[in-house]
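Visitor:
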Amino acid sequence: MIPPELHAQIRRFVYAEHWRLNTIATQLGVHHDTVRRAVESERFVRHGAQIRPSALDPYKAFITATLEQYPRLRATRLWAMVRDPGLFRLGHPGQRYVRTVRPAARAEASLRLDTLAGEQAPVDWGNFGPLRVGSTTRVLSCFALVLSWSRGCYARFALDQTLESFLRGHVEA
47 MIPPELHAQI RRFVYAEHWR LNTIATQLGV HHDTVRRAVE SERFVRHGAQ IRPSALDPYK
107 AFITATLEQY PRLRATRLWA MVRDPGLFRL GHPGQRYVRT VRPAARAEAS LRLDTLAGEQ
167 APVDWGNFGP LRVGSTTRVL SCFALVLSWS RGCYARFALD QTLESFLRGH VEA
């Protein structure tokens, strides 16, 4: 059933503007049979059309209150909390109702970092444990550099984490 505003607009296009039915259907984005029914009907609203009560009606207050308290709770868990065998037959209508009353998730604050080429490159040391070199045991470390603009990676292994190795990693990157 189309809204009364659309019904009135269709009838205005036909009787006042003298448009063809297919032109109206194309313009309003509705099927041509919908336009034909709107033109042929004498009333905007059909008598006898009533909104039927939903099987969810007794539980809507509980669902709304529970979702306000626990907004991430799934619809299937809500039905398990209600424990009514008849509700499990509902399926999609129940999920649709939960989707409409679930509070909107708060957006997390984030800042997108835009850098120019060569402007920024965070570095870090990684520890790869002991390595036997000759008769001694040394600690193997990895110098890692990532270019912020292109996400290009550079890694260099070293046997120490001195300033000299740190600067050599920057020069070779």
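Numbering (the numbering used here), first residue to last: 47 to 219. The beta carbon of each residue, even a glycine, is placed where N, CA and C say it ideally should be.
Can the beta-carbon of GLN141 be found less than 8 Å from the beta-carbon of ALA121?
Guide: yes
Visitor: Given a cut-off of 8 Å, decide if VAL76 and LEU67 are closer than it, judged by their beta-carbon atoms.
Guide: no
Visitor: Following the continuous alpha helix (DSSP H) through PRO50, name the residue where it begins and the one where it ends.
Guide: Under the DSSP assignment, PRO50 falls in the alpha helix (DSSP H) whose first and last residues are 50-61.
Visitor: Tell me the rounded alpha-carbon separation between PRO176 and LEU205.
Guide: 9 Å
Visitor: Using a 10 Å radius around the Cβ and a threshold of 16 neighbouring Cβ atoms, would you call PHE108 buried or exposed?
Guide: Result: exposed.
Visitor: With the cut-off set at 8 Å, would you say ILE70 and PHE59 are in Cβ contact?
Guide: ILE70 is a Cβ neighbour of PHE59, given a cutoff of 8 Å.
Visitor: Which residue marks the beginning of the beta strand (DSSP E) containing VAL179, and which one marks its end?
Guide: 169-179
Visitor: For the alpha helix (DSSP H) holding LEU124, just list the boundary residues, first then last.
Guide: 121-128
Visitor: Could you name the residues of the same chain whose beta carbon sits closer than 6 Å to that of ALA201, not counting the 5 residues immediately before and after it, in chain order?
Guide: CYS188, ALA190
Visitor: Can you give me the C-alpha to C-alpha distance between GLY164 and GLU154, rounded to a whole angstrom?
Guide: 29 Å
Visitor: Report the start-end ranges of each alpha helix (DSSP H) in the segment 91-118 that is 4 residues or longer and not cut off at the edges.
Guide: 106-115
Visitor: Buried or exposed for ALA62, going by 16 or more other Cβ atoms inside 10 Å?
Guide: exposed
Visitor: Exposed or buried, what is MET124 when buried is set at 16 or more other beta-carbons lying within 10 Å of its beta-carbon?
Guide: Note that residue 124 is Leu in the sequence shown here, rather than Met. The residue in question, LEU124, is buried, as its Cβ has 16 or more Cβ neighbours within 10 Å.
Visitor: Quick one: grab the DSSP three-state call for PRO208.
Guide: According to the sequence displayed, residue 208 carries Thr and not Pro. When DSSP states are grouped into helix, strand and coil, THR208 belongs to the coil group.
Visitor: Over what stretch of residues does the beta strand (DSSP E) that includes LEU191 continue unbroken?
Guide: 182-192
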